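J.: In this note's numbering, the protein residues as written are 10 to 327.
Take a look at this one; I'll ask things after.
Here you go:
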């Protein structure tokens with residue numbers, strides 16, 4: 010009997026993850042086993058009244074109901090049982106919808122909301138959602154980070170996050186971490202999580218110098234973390250194919266540079282599921298990082314897949 014290379018890799022991923030999970034189990038007391046946490050997922054339901062602003066109906070892969078149970082169907086077989094969900098919708102009440110979802114699903118340990126610093130009623134809305142301890146922060150784009158650097162009102166709103174023990178997820182292009190570094194200089198008490206390794210294009214070669222310089226600048230600040238997420242989306246697939254490469258060595262130059270900048274203590278696992286479904290299965294996406302991190306040792310794997318996430322997001326432990 011013959012099997013396809015892709016099927017073989019998926020099967021191998023399950024075996025590798027099982028070994029990694031066993032290693033984590035042995036690393037700590039049985040009563041304190043760390044959960045593997047995916048710190049970047051999106052949940053939404055187009056069948057809700059009014060639908061969803063994203064994804065669009067034309068998206069044949071993503072336009073479907075995506076809930077925690079669907080995430081666990083993909084993630085639990087490879088050992089991932091918890092998630093921090095990121096709100097992609099700009100609709101105010103969709104933040105509340107995610108918090109309700111989290112209340113009914115213990116797999117959701119944190120919600121990163123969507124609010125706009127510097128806009129009217131930001132402080133009011135933030136206080137409202139922060140009353141729920143599962144609400145762990147907000148995500149903003151690079152334009153908001155830059156505005157906070159020059160606009161006192163916007164900066165004051167971002168400072169409110171730190172005052173409430175919340176964090177800031179920052180998404181943007183490869184040069185964006187340079188602005189993150191400047192924001193961290195102004196607000197050293199704020200925890201900031203760079204998303205998707207700053208959207209650097211991955212082609213199997215050495216990283217761009219501009220991206221590397223920006224990442225190193227951000228990493229100098231001890232409360233700046235980096236989420237190694239959306240890996241398969243950032244990869245340039247081989248010519249004539251649509252799927253991402255699955256070989257760890259293809260991603261190694263970028264991953265080595267990221268680890269050199271941030272070290273073992275400030276890097277976090279995230280998938281960006283279900284967006285990753287366009288390029289690879291969940292098991293394949295996870296296996297790339299599991300194979301890379303496991304080579305760095307058990308302690309590094311435990312930090313990357315579990316404890317660093319709690320340090321960044323600080324969700325309630327009980």
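Glycine residues also receive a C-beta, built at the ideal position from the N, C-alpha and C atoms.
Nothing here was measured: the structure is a model prediction, and the numbers come from that model.
1. Given a threshold of 16 other Cβ atoms within 10 Å of its Cβ, counted over all protein chains shown, does residue 236 qualify as buried or as exposed?
2. Can you give, in chain order, each stretch of the beta strand (DSSP E) that sits fully within the stretch 34-79 and has at least 3 residues?
3. What residue from 261, 163 and 155 has the CA that sits closest to residue 189's CA?
4. Could you pull out every residue in the same chain whose Cβ sits closer than 8 Å to the Cβ of residue 163, ignoring the five residues on either side in sequence?
5. Can you round the beta-carbon distance between residue 278 and residue 234 to whole angstroms, since I take them to be within the 8 Å contact cut?
6. Would you identify the three-state DSSP class for residue 26, choosing helix, strand or coil?
7. Residue 180 and residue 208: beta carbons closer than 9 Å?
8. What residue from 268, 309, 242 and 271 has the CA that sits closest to residue 280's CA?
9. Just to confirm my understanding: we take residue 76, look at its own chain, exclude 5 residues before and 5 after, and list those with CB closer than 6 Å. What are they?
10. Using a threshold of 9 Å, state whether the C-beta atoms of residue 50 and residue 283 are closer than that.
11. Report the rounded CA-to-CA distance for residue 142 versus residue 322, giving the unit in angstroms.
12. Where DSSP assigns a beta bridge to residue 179, which residues make up the other side?
13. Determine the burial state of residue 30: buried for a count of at least 16 other Cβ atoms within 10 Å of its Cβ, exposed for fewer.
14. Give the range of the beta strand (DSSP E) segment to which residue 95 is assigned.
15. Going by DSSP, what residue range makes up the alpha helix (DSSP H) through residue 277?
16. In the stretch 108-163, which residue ranges form an unbroken alpha helix (DSSP H) of at least 4 residues, counting only runs that do not cross its ends?
17. For residue 236, report the span of its beta strand (DSSP E) as first-last.
18. Closer than 8 Å is the cut-off here; do at least three beta carbon pairs connect the stretch 296-315 with the stretch 269-276?
19. What do you get for residue 17, buried or exposed, if any count of 16 or more other CB atoms within 10 angstroms of its CB means buried?
20. Thinking just about the alpha-carbon of each residue, which of 44, 270 and 82 is nearest to the one in residue 292?
21. Using the C-alpha atoms, what's the distance from residue 309 back to residue 227?
22. So, are the CB atoms of residue 264 and residue 253 less than 9 Å apart?
23. Pick helix, strand or coil for residue 282, following the three-state DSSP scheme.
24. What's the C-alpha gap between residue 112 and residue 271?
25. Going by CA-CA distance only, name the one from 138, 56, 78 and 149 that's closest to residue 353.
T.: According to the structure shown:
1. buried
2. 45-50
3. The shortest Cα separation from residue 189 among 261, 163 and 155 belongs to 155.
4. 126, 127, 153, 156 and 157
5. Residue 278 to residue 234, Cβ: 11 Å. No contact.
6. With a pLDDT of 47 at residue 26, under the threshold of 50, the modelled position of that residue is not reliable, and no figure is offered here.
7. yes
8. That would be 242, whose Cα lies nearest to the Cα of residue 280.
9. Excluding its 5 nearest sequence neighbours in each direction, residue 76 has C-beta neighbours in its own chain below 6 Å: 52, listed in chain order.
10. Contact annotation: residue 50 and residue 283 have beta-carbon atoms nearer than 9 Å.
11. 11 Å
12. 149 and 203
13. Low local confidence applies: a pLDDT of 45 at residue 30 is under 50, so the model's placement there is unreliable, with the coordinate-based value given in what follows. Residue 30 is buried by the Cβ-count criterion.
14. 89-95
15. No alpha helix (DSSP H) contains residue 277, which is instead part of the beta strand (DSSP E) from 276-278.
16. You should have 131-139 and 151-159.
17. 233-237
18. yes
19. In this prediction, residue 17 has a pLDDT of 44, which is less than 50 and means its spatial position is unreliable; nothing more can be read from the coordinates.
20. 82
21. 21 Å
22. no
23. Three-state result, residue 282: strand.
24. 33 Å
25. Residue 353 is absent from the model: the chain starts at 10 and stops at 327.
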